[in-house]
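Following: one structure in structure tokens, then a few remarks.
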Amino acid sequence: MRHLFLALALSVSLFVSHSADAAEKLKLLIIDGQNNHNWQATTPILTEFLTKTGRFDVSVATTPPKNSPADAWSKFNPKFSDYDVVLSNYNGEEWPENVKTNLEQYVSGGGGLVIVHAANNAFPNWPAWNQMIGLGWRNNKYGKRVIIDDNGKKVLVPAGEGPGAGHGRQHEYAIRVRDTQHPVTHGMPAEWLHTKDELYHGQRGPGQSMNILATAYSDPETGGTDAHEPMIWWIPYGKGKVFTTLMGHADYSMQCVGFQSVVARGSEWAATGEVTLPLPKNFPTAEKLSSVE
Ligand code: ZN
608 MRHLFLALAL
618 SVSLFVSHSA
628 DAAEKLKLLI
638 IDGQNNHNWQ
648 ATTPILTEFL
658 TKTGRFDVSV
668 ATTPPKNSPA
678 DAWSKFNPKF
688 SDYDVVLSNY
698 NGEEWPENVK
708 TNLEQYVSGG
718 GGLVIVHAAN
728 NAFPNWPAWN
738 QMIGLGWRNN
748 KYGKRVIIDD
758 NGKKVLVPAG
768 EGPGAGHGRQ
778 HEYAIRVRDT
788 QHPVTHGMPA
798 EWLHTKDELY
808 HGQRGPGQSM
818 NILATAYSDP
828 ETGGTDAHEP
838 MIWWIPYGKG
848 KVFTTLMGHA
858 DYSMQCVGFQ
868 SVVARGSEWA
878 ATGEVTLPLP
888 KNFPTAEKLS
898 SVE
């Protein structure tokens with residue numbers, strides 16, 4: 608009898624801990640629907656690799672297409688508070704005021720927001736958004752530029768000085784980790800090669816409270832700025848965290864094992880403040896690219 612009771616108790620506790628594991632999956636919402644990039648191709652890639660980690664339940668909210676009537680937009684009203692983290696793969700028309708306010712409240716209340724590549728091109732006229740992303744694809748008069756000098760120091764370039772947003776020719780380039788202690792970048796090689804992508808430069812904005820995790824050298828030989836441009840950073844917004852990576856122009860760029868680790872670990876960290884996802888064994892190195900497929 609006693610044994611039976613123990614066995615029962617054990618199986619119940621196993622069942623309970625199993626359900627707890629399932630409940631620990633983070634709910635992640637991708638937003639897409641408009642972009643000057645092929646979001647129809649990249650959202651499935653994001654969904655697949657995030658799901659494969661086993662850490663996320665991924666949902667997608669798609670906005671109406673460009674020039675839709677107001678009643679189509681009234682149906683776009685994601686309940687951000689149902690999610691642990693929101694990932695923007697969106698670059699298009701401004702969202703309705705109530706959606707913008709909801710996102711601001713969600714992040715300031717402790718929600719996580721992840722910005723991938725051209726998502727930072729969106730919403731130049733939304734002040735809270737610019738605060739959250741720090742730097743966006745804007746002209747050089749728009750705001751500050753932030754770079755890292757040769758001594759590893761953060762330099763804020765005033766509005767009007769130096770280049771505005773742009774990129775040179777697509778190429779493979781080295782990501783240089785600037786914060787080796789941050790949970791997202793911890794354990795990564797000091798430098799690792801990223802699969803062919805655009806290397807954004809001259810991004811502009813308020814540039815406040817930017818914690819830069821990694822940069823890339825923008826080489827004039829490929830049309831760059833001769834500066835170390837920020838590639839991965841995070842910004843606190845109220846109680847929430849906004850995590851940005853400028854990588855991820857196209858499907859092939861997103862197949863980089865390094866990119867996928869950055870987005871998955873960045874999403875987990877923006878949601879929880881911790882990273883449990885390990886770096887894969889085939890993570891790229893300073894000498895070797897690594898792509899899925
Ligand atoms: Zn691009």
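All you need for the working numbering is the position in the sequence shown, starting with 1, plus 607. For each residue, glycine too, the CB sits at the ideal point set by N, CA and C. Everything numeric in this text was worked out from a predicted model, so none of it was measured.
By the Cβ rule, the segment 854 to 861 does not count as touching the segment 754 to 771, because fewer than three pairs are nearer than 8 Å. Contact between the segment 739 to 747 and the segment 803 to 817 is established, with three or more Cβ pairs separated by less than 8 Å. Counting of Cβ neighbours within 10 angstroms places K673 among the exposed residues, the total staying below 16. The beta carbon of Q862 sits closer than 8 Å to those of I652, T802, S898, V899, E900, all from its chain and outside the five residues before and after it, given in chain order. Non-local C-beta neighbours of Q641 in its own chain, meaning closer than 8 Å and more than five positions away in sequence, comprise T670, P672, K673, Y697, N698, G699, E700, ordered along the chain. Of the other Cβ atoms in all chains shown, 16 or more fall within 10 Å of the Cβ of N728; this residue is therefore buried. DSSP places N645 outside both helix and strand once states are collapsed to three, so it counts as coil.
Per DSSP, reduced to three states, the secondary structure at W680 is helical. About 20 Å separates the beta carbon of H774 from that of E798, a gap too long to meet the 8 Å contact definition. The beta carbon of A878 sits closer than 6 Å to those of L633, D691, V692, G719, all from its chain and outside the five residues before and after it, given in chain order. Residue pairing from DSSP leaves A766 without any beta-bridge partner.
Residue list for the ligand ZN: E805, H856 (CB closer than 5 Å to any heavy atom, chain order). Distance from the CA atom of N709 to the CA atom of H778, rounded to whole angstroms, is 38 Å. Here F866 carries a helix assignment [DSSP, helix/strand/coil].
Nearest to G880 by C-alpha distance, out of Q867, L896, G847, is G847. Collapsing the DSSP output to three states places D639 in a strand.
L694 and E768 have their C-alpha atoms some 31 Å from each other.
Every beta strand (DSSP E) of 3 residues or more that sits fully in the segment 721 to 767 is shown, in chain order, as 752 to 755, 761 to 764. Annotation for D858: the continuous alpha helix (DSSP H) segment containing it runs 858 to 861. The beta-carbon distance between T852 and V864, rounded to whole angstroms, is 14 Å. This is too long to meet the 8 Å contact definition.
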